[in-house]
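In our numbering, the protein residues as written are 641 to 807.
We treat Cβ as the ideally placed atom computed from N, Cα and C, and that holds for glycine.
Quantities reported herein were computed from a predicted structural model and do not represent experimental measurements.
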């Protein structure tokens, strides 16, 4: 029986179903069936453009986006899937804030839906700092399948950890 550390807090029925798929070696096949290919957003410029498009569609009036990169230093379990930061700098007597998003490099070779879910999550933090009701409402506004994608992304991480690369 495998430890399902990415799925902590989910109902026992989902954990048991995941265990069955792992024992039958069908989790990777199931995920590939739902998400048949990985995205082609590999460069920092492409990632920035992808993120900016989502931001402009749903959060046009929020603070500008300064930087979006894949970060090799982010470990999915120890830290998070992505990080958002607001860096304040003093320029000529004015305080300027820069909004940055860093996404774990493990998602360079993931399905685009998972990347979108992470970007939506980090963009929502620009308006809502805490994981509260308003935060998740904003996530659902930007990505109606947010909860399902989050769960499937956690299955993907579990599969990577146990079975290795699935694509």
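List the endpoints of the continuous alpha helix (DSSP H) containing residue i.
i           : result
residue 706 : Per DSSP, residue 706 belongs to no alpha helix (DSSP H); it is in the beta strand (DSSP E), 705–711.
residue 762 : 752–767
residue 670 : 667–674
residue 694 : 684–698
residue 663 : 652–663
Would you grab the beta carbon distance between residue i and residue j for me? Rounded to a whole angstrom, and I think it's under 8 Å.
i           : j           : result
residue 677 : residue 751 : 7 Å
residue 709 : residue 755 : Going by Cβ atoms, the distance from residue 709 to residue 755 rounds to 13 Å, so no, they are not a contact pair.
residue 691 : residue 741 : 6 Å
residue 642 : residue 802 : 6 Å
residue 687 : residue 739 : Going by Cβ atoms, the distance from residue 687 to residue 739 rounds to 14 Å, so no, they are not a contact pair.
residue 767 : residue 699 : 7 Å
Tell me the rounded alpha-carbon separation between residue i and residue j.
i           : j           : result
residue 689 : residue 695 : 10 Å
residue 743 : residue 711 : 6 Å
residue 769 : residue 644 : 27 Å
residue 679 : residue 748 : 8 Å
residue 777 : residue 757 : 14 Å
residue 800 : residue 646 : 11 Å
residue 792 : residue 649 : 14 Å
residue 775 : residue 804 : 32 Å
residue 717 : residue 788 : Any reading at residue 717 needs caution, since the residue's pLDDT is 49, under 50, leaving its predicted position unreliable; the model's value is listed next. When rounded, the distance between both Cα atoms is 19 Å.
residue 667 : residue 658 : 7 Å
residue 765 : residue 783 : 14 Å
residue 652 : residue 795 : 14 Å
residue 761 : residue 661 : 28 Å
residue 685 : residue 714 : 19 Å
Does the beta carbon of residue i sit closer than 9 Å to a beta carbon anywhere in chain B?
i           : result
residue 799 : Among the protein chains of the structure shown there is no chain B, as only one such chain exists.
| message | So within the segment 774–805, which uninterrupted alpha helix (DSSP H) runs reach at least 4 residues, ignoring any that extend past its ends? | response | 786–803
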